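*Asks:*
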Ligand SMILES: [Zn+2]
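Residue numbers (my numbering): 27 to 140.
1. Residue 118 by DSSP, collapsed to three states: which one?
2. Helix, strand or coil, according to DSSP, for residue 93 in the structure here?
3. Please determine whether the Cβ atom of residue 36 lies at a distance below 7 angstroms from any heavy atom of ligand 1.
4. Put residue 129 into one of helix, strand or coil per three-state DSSP.
5. Can you tell me where the alpha helix (DSSP H) with residue 79 in it begins and where it stops?
6. According to DSSP, residue 39 sits in a beta bridge with which residue or residues?
7. Over what stretch of residues does the beta strand (DSSP E) that includes residue 138 continue unbroken?
8. Taking 7 angstroms as the cut-off, is the CB of residue 91 close to at least one heavy atom of ligand 1?
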């Protein structure tokens, strides 16, 4: 399936790792950047997915201004946040291929399925 599209959004949330090198981090915030990548064939109108619909749905599921420890449970790592977003996007858009989450401008993690 040769086509891929990407939708990017930012959101802000708080979290702390409950277990990081044997102890808990202090509560702090990040301005996360989320990249959702969809892959598939084009429809009769020549597009893979409606950018506006993907963008609106992504906005609706992102835990804006929430404490991620309460939302995703367990250790709220960037990797686990990527899977949490992937699973929710997949419910609406089966063409979702991969979700990247940038915790800072330097550090990012992704989740994808073959
Ligand atoms: Zn953090």
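For each residue, glycine too, the CB sits at the ideal point set by N, CA and C. The structure displayed is predicted, hence computed values, not measured ones.
*Replies:* By the coordinates alone:
1. As a position in the chain shown, residue 118 is number 92, starting the count at 1. The three-state secondary structure of residue 118, taken from DSSP, is helix.
2. Counting from one through the chain shown, the residue named residue 93 turns up at place 67. In the structure shown, residue 93 sits in a strand (DSSP, three-state: E or B).
3. Taking the first residue of the chain shown as position 1, residue 36 is located at position 10. No, ligand 1 has no heavy atom inside 7 angstroms of this Cβ.
4. The residue you call residue 129 lines up with position 103 of the chain shown. Residue state, collapsed to three classes: coil.
5. Taking the first residue of the chain shown as position 1, residue 79 is located at position 53. Residues 77-87.
6. The sequence position of residue 39 within the chain shown is 13, counting from 1. Beta-bridge pairing links residue 39 to 56.
7. The count along the chain shown starts at 1 and reaches residue 138 at position 112. DSSP places residue 138 inside the beta strand (DSSP E), whose first and last residues are 134-138.
8. Against the chain shown, residue 91 aligns to sequence position 65. The beta carbon of residue 91 sits no closer than 7 angstroms to any heavy atom of ligand 1.
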